[in-house]
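Visitor: In this note's numbering, the protein residues as written are 16 to 212. Ideal placement from N, C-alpha and C gives every residue a C-beta, glycine not left out. Because the structure is a prediction, the values reported are computed rather than measured.
#1: Please report the residue range of the beta strand (DSSP E) in which residue 136 lies.
#2: Does the Cβ-Cβ distance between residue 26 and residue 83 come in under 9 Å?
#3: Just how far apart, CA to CA, sit residue 119 and residue 34?
#4: Quick check on residue 149: does DSSP put it in helix, strand or coil?
#5: With 16 as the cutoff for other CB atoms within 10 Å, does residue 77 come out buried or exposed?
#6: Rounded to a whole number of angstroms, what is the C-alpha to C-alpha distance between residue 66 and residue 41?
#7: Just to confirm my understanding: we take residue 148, look at its own chain, exclude 5 residues before and 5 after, and list those with CB closer than 6 Å. What are they?
#8: What does residue 87 pair with, by DSSP beta-bridge criteria?
#9: Just to confirm before moving on: does the CB-CB distance between residue 157 and residue 127 stay below 9 Å?
#10: At the level of alpha carbons, what is the spacing between residue 113 and residue 48?
#11: Please list, in chain order, all residues of the same chain as residue 146 whose beta carbon is under 8 Å from its beta carbon, the five residues on each side excluded.
Printed below as a string of structure tokens:
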């Protein structure tokens with residue numbers, strides 16, 4: 016699927032439709048299949064990013080360990096280009112969460128477990144120019160009725176500092192996110208009011 020920002024990834028949800036007539040109910044006669052395509056951007060809008068912290072993120076994997084969505088999944092060669100990388104749809108979780116050398120996180124999510132896991136990670140910041148060492152706590156579970164598992168990574172040690180005294184609020188556009196274009200022109204005060212309610 017293409018939108019204003021270029022190609023976007025999608026997933027398909029499909030279910031069989033069986034006859035419910037009394038005389039055919041026990042035979043399981045297939046009438047057809049119903050399905051729809053869902054852009055992954057729409058799924059990502061459901062995640063309250065403002066509650067995950069500065070380096071927190073959510074991600075989802077398939078029952079094969081392939082990434083459904085992850086902030087480090089980059090299917091195109093460069094931002095804005097339309098050329099997709101080969102095998103962009105079969106990137107394994109271990110290829111982006113590469114600090115998980117023993118595959119503990121990956122195996123737990125593929126086996127559809129619910130739990131937590133912690134590890135030291137290196138995160139690139141400033142558009143890949145710097146590396147930040149931090150400790151992430153991962154929380155994961157399966158999504159019932161689907162072959163997917165979802166995880167949330169929260170970094171420790173962020174959010175414990177605050178300002179006292181005179182603090183000015185920036186007057187320009189604040190909420191400039193890729194997922195929520197309609198919030199792009201909010202002031203900082205408007206964005207805070209929106210996200211805190």
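Guide: Let's see:
#1: It spans 130-140 - the beta strand (DSSP E) in which residue 136 sits, taken as one unbroken run.
#2: Residue 83 is positioned such that its CB atom lies closer than 9 Å to that of residue 26.
#3: 43 Å
#4: strand
#5: buried
#6: Each residue's Cα considered, the two are about 48 Å apart.
#7: 137
#8: Residue 87 is not bridged to any residue.
#9: yes
#10: 38 Å
#11: 137, 138, 139, 140
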